[in-house]
Amino acid sequence: MPEYNPKIVGFLCNWCGYAGADLAGTSRLSYPTNIRIIRVMCSGRVEPVFILNAFENGADGVLVAGCHPGDCHYRSGNQHAEKRIDKTKKLLDLLGIGSDRLRLEWISAAEGEKFASVIKDFTEKLRSKGPSQIGKEAHLVPLQPNEVESVHDLLKRTKALYCQECGKCSSSCPITRLDPAYSPRLAVEKALMGLEDTVLTDKGLWSCLTCYLCRQRCPLDIEYDELIRSCRAKAATKGIFGKCSHEGVLHSLSRLMANPKTKQNRLGWIPQEAEIAKNYMLETELRQLYLLVEQFLAYAEFQIERKNVMYMKDWVSYLDNMLQTNKLKILASKGKISHKEMEKIVRKEIAKFNSKNKRLKT
Ligand code: SF4
Ligand code: SF4
Ligand code: FES
Numbered sequence: 001m002p003e004y005n006p007k008i009v010g011f012l013c014n015w016c017g018y019a020g021a022d023l024a025g026t027s028r029l030s031y032p033t034n035i036r037i038i039r040v041m042c043s044g045r046v047e048p049v050f051i052l053n054a055f056e057n058g059a060d061g062v063l064v065a066g067c068h069p070g071d072c073h074y075r076s077g078n079q080h081a082e083k084r085i086d087k088t089k090k091l092l093d094l095l096g097i098g099s100d101r102l103r104l105e106w107i108s109a110a111e112g113e114k115f116a117s118v119i120k121d122f123t124e125k126l127r128s129k130g131p132s133q134i135g136k137e138a139h140l141v142p143l144q145p146n147e148v149e150s151v152h153d154l155l156k157r158t159k160a161l162y163c164q165e166c167g168k169c170s171s172s173c174p175i176t177r178l179d180p181a182y183s184p185r186l187a188v189e190k191a192l193m194g195l196e197d198t199v200l201t202d203k204g205l206w207s208c209l210t211c212y213l214c215r216q217r218c219p220l221d222i223e224y225d226e227l228i229r230s231c232r233a234k235a236a237t238k239g240i241f242g243k244c245s246h247e248g249v250l251h252s253l254s255r256l257m258a259n260p261k262t263k264q265n266r267l268g269w270i271p272q273e274a275e276i277a278k279n280y281m282l283e284t285e286l287r288q289l290y291l292l293v294e295q296f297l298a299y300a301e302f303q304i305e306r307k308n309v310m311y312m313k314d315w316v317s318y319l320d321n322m323l324q325t326n327k328l329k330i331l332a333s334k335g336k337i338s339h340k341e342m343e344k345i346v347r348k349e350i351a352k353f354n355s356k357n358k359r360l361k362t
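Under this note's numbering, the residues of the sequence shown are numbered 1 to 362, in order.
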């Protein structure tokens with residue numbers, strides 16, 4: 001059986017990691033050839049979506065190599081990279097891909113040997129883990145041009161043919177509020193005028209949130225959101241795609257989560273010793289509680305009959321006695337932590353939260 005060769009995608013910083021790889025090559029050092037190198041100007045350029053995309057497209061491991069701390073040519077790019085990689089690792093664990101499939105290394109231009117040994121070591125580790133479960137798979141099958149309706153049919157189906165150009169859609173659109181150049185009314189008008197190419201290439205086609213607000217306001221119930229969705233499908237058949245926000249990281253994440261081969265580990269962050277609290281009552285427990293309450297109420301009624309004066313301490317002591325007579329424990333888990341200690345913990349947590357919030361705001 002041929003030896004399994006894991007596929008590694010390497011994002012190497014131009015100034016250090018890439019130069020290190022270059023040196024390994026010119027020094028004729030041998031290392032596994034299963035790495036595909038992508039040169040980036042700085043490790044800080046590597047966004048989580050690059051890594052997710054690599055896994056989505058069949059990578060078994062991803063290596064990010066940058067300059068040693070303090071040597072980054074853009075001062076703090078590698079520090080950003082470190083934070084991002086940490087967060088991406090957590091994401092990979094939740095996705096069930098495994099954080100150990102992602103590796104961050106500092107490799108200088110003079111460290112050809114280190115580069116070669118990192119690749120050897122990473123390859124070995126990935127080999128022992130086996131191939132990534134994701135594998136390369138086509139998730140989206142683009143529609144063919146003959147599978148989508150003509151713009152005229154779309155206008156008919158979505159009732160846009162009857163648009164009165166009242167502008168209610170534009171006045172309620174949250175995108176128009178931010179970008180006055182975007183107007184659903186205008187888009188419908190262009191489509192009605194037969195300017196198909198203008199509609200399909202307009203960046204507004206991809207700005208729409210398909211939030212349904214315009215449709216709610218439209219007096220003719222024109223299905224603008226549906227018109228937009230269908231126009232997008234039509235644009236895609238012509239090779240026109242919108243630019244996803246945040247480089248499409250959310251889309252990539254959704255695709256990875258929806259991949260049938262993904263075995264998510266979403267609860268992996270819960271400590272093993274954690275127990276599930278029972279916050280419901282079984283039928284038998286409810287019946288027993290009912291009987292206890294009945295006993296207590298009977299006692300209370302009896303005291304009223306006898307016109308006995310009762311104070312709170314009397315009720316408490318009766319309740320304790322009643323529970324003990326019924327062989328029940330009184331507040332079994334009380335006293336694990338004092339009020340003072342709890343207050344201290346809560347105050348500490350609030351201070352932590354506030355300082356984190358402050359940092360986010362600055
Ligand atoms: S609200 Fe309806 S009728 Fe009015 S302009 Fe918009 S799509 Fe046309
Ligand atoms: S569906 Fe699109 S055009 Fe209509 S209100 Fe929402 S963002 Fe605006
Ligand atoms: S320039 Fe190399 S990590 Fe920033």
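Think of the CB as a built atom: it goes at the ideal place given N, C-alpha and C, for glycine as much as any other residue.
Treat the numbers as computed from the prediction; the structure is a model and nothing was measured.
For this session: Kindly indicate which residue of Leu95, Leu52, Pro184, Ser108 has the alpha-carbon position closest to the one of Tyr70.
Result: The question names Tyr, but residue 70 in the sequence shown is Gly. The residue from Leu95, Leu52, Pro184, Ser108 with its alpha-carbon nearest to that of Gly70 is Ser108.
Exercise. Hey, out of Trp15, Lys263, Leu126, whose CA is closest to Asn34's CA?
Worked result: Among Trp15, Lys263, Leu126, the Cα nearest to that of Asn34 belongs to Leu126.
Exercise. Going straight from the alpha carbon of Tyr162 to that of Val199, what length do you get?
Worked result: Pairing Tyr162 with Val199, the inter-Cα distance amounts to about 18 Å.
For this session: My understanding is that Val49 touches Val249, with C-beta atoms under 8 Å, so please give their C-beta distance in whole angstroms.
Result: At roughly 4 Å, the Cβ-Cβ gap stays under 8 Å, so Val49 and Val249 are in contact.
For this session: With Glu105 as the anchor, note down where its beta strand (DSSP E) starts and where it stops.
Result: Secondary structure note for Glu105: its beta strand (DSSP E) is the uninterrupted segment 102-106.
Exercise. Roughly how many whole angstroms lie between the Cα atoms of Glu165 and Arg215?
Worked result: If you take the alpha carbons of Glu165 and Arg215, they lie about 13 Å apart.
Exercise. Would you call the region 261-272 and the region 85-96 in contact, with 3 or more CB pairs under 8 Å?
Worked result: The region 261-272 makes contact with the region 85-96, as at least three CB pairs between them are under 8 Å.
For this session: Could you tell me which residues DSSP puts in a beta bridge with Ile35?
Result: Beta-bridge partners assigned by DSSP to Ile35: Ile8.
Exercise. Are the Cβ atoms of Arg101 and Gly130 separated by less than 8 Å?
Worked result: One thing to note: Arg101 has its Cβ no nearer than 8 Å to the Cβ of Gly130.
Exercise. Under a Cβ-count criterion, where at least 16 other Cβ atoms within 10 Å of its own Cβ denotes burial, should Ala138 be classed as buried or exposed?
Worked result: Residue placement at Ala138 cannot be trusted, given a pLDDT of 49 that sits under 50; what the coordinates show is reported in the next sentence. Exposed, by the Cβ-count rule.
Exercise. Which of the three DSSP states, helix, strand or coil, is assigned to Gly20?
Worked result: Gly20: helix per DSSP, three-state reduction.
For this session: Anything with a beta carbon under 7 Å from a heavy atom of ligand 1 counts; list them all in chain order.
Result: So the residues near ligand 1 by this Cβ test are Ala160, Cys163, Gln164, Glu165, Cys166, Gly167, Lys168, Cys169, Ser170, Pro184, Arg185, Val188, Cys214, Arg217, Cys218, Pro219, Leu220, Ile222, Tyr224.
Exercise. Would you call the region 282-297 and the region 78-86 in contact, with 3 or more CB pairs under 8 Å?
Worked result: No, the region 282-297 is not in contact with the region 78-86.
Exercise. Does the separation of the CB atoms of Cys169 and Arg185 fall below 8 Å?
Worked result: Yes, Cβ-Cβ distance for Cys169 and Arg185 is below 8 Å.
For this session: State yes or no: is the C-beta of Tyr4 nearer than 7 Å to some heavy atom of ligand 3?
Result: Checking every heavy atom of ligand 3 against the Cβ of Tyr4, none is found closer than 7 Å.
Exercise. Which of the three DSSP states, helix, strand or coil, is assigned to Val46?
Worked result: Here Val46 sits in coil by DSSP.
Exercise. Can you tell which of Arg28, Gly44, Tyr31 has the C-alpha that lies nearest to the C-alpha of Trp15?
Worked result: Ranking the options by Cα distance to Trp15, first place goes to Gly44.
For this session: Along the beta strand (DSSP E) that carries Val62, what are the first and last residues, could you check?
Result: In the DSSP assignment, Val62 falls within the beta strand (DSSP E) that extends over 61-66.
Problem set entry | Residue span of the alpha helix (DSSP H) that contains Lys114, given as start and end | Residues 112-129.
Exercise. Do Phe55 and Leu253 come within 8 Å of each other at the CB atom, strictly closer than that value?
Worked result: No; because the gap between Cβ atoms is not below 8 Å, this pair is not in contact.
Problem set entry | Val188 - DSSP class collapsed to helix/strand/coil | Note: Val188 maps to helix in three-state DSSP.
Problem set entry | Three-state secondary structure assigned by DSSP to Val346 | It is helical.
Exercise. Does the beta carbon of Ile8 fall short of 7 Å from some heavy atom of ligand 2?
Worked result: For Ile8, the Cβ stays outside the 7 Å cut-off from all heavy atoms of ligand 2.
For this session: Pick helix, strand or coil for Val40, following the three-state DSSP scheme.
Result: Residue state, collapsed to three classes: strand.
Exercise. DSSP on Cys163, reduced to helix/strand/coil?
Worked result: DSSP places Cys163 in the coil class of the three-state scheme, outside both helix and strand.
Problem set entry | Enclosing alpha helix (DSSP H) for Gly30 [first to last residue] | Position check: residue 30 holds Ser in this sequence, whereas Gly was assumed. No alpha helix (DSSP H) contains Ser30, which DSSP labels as neither H nor E.
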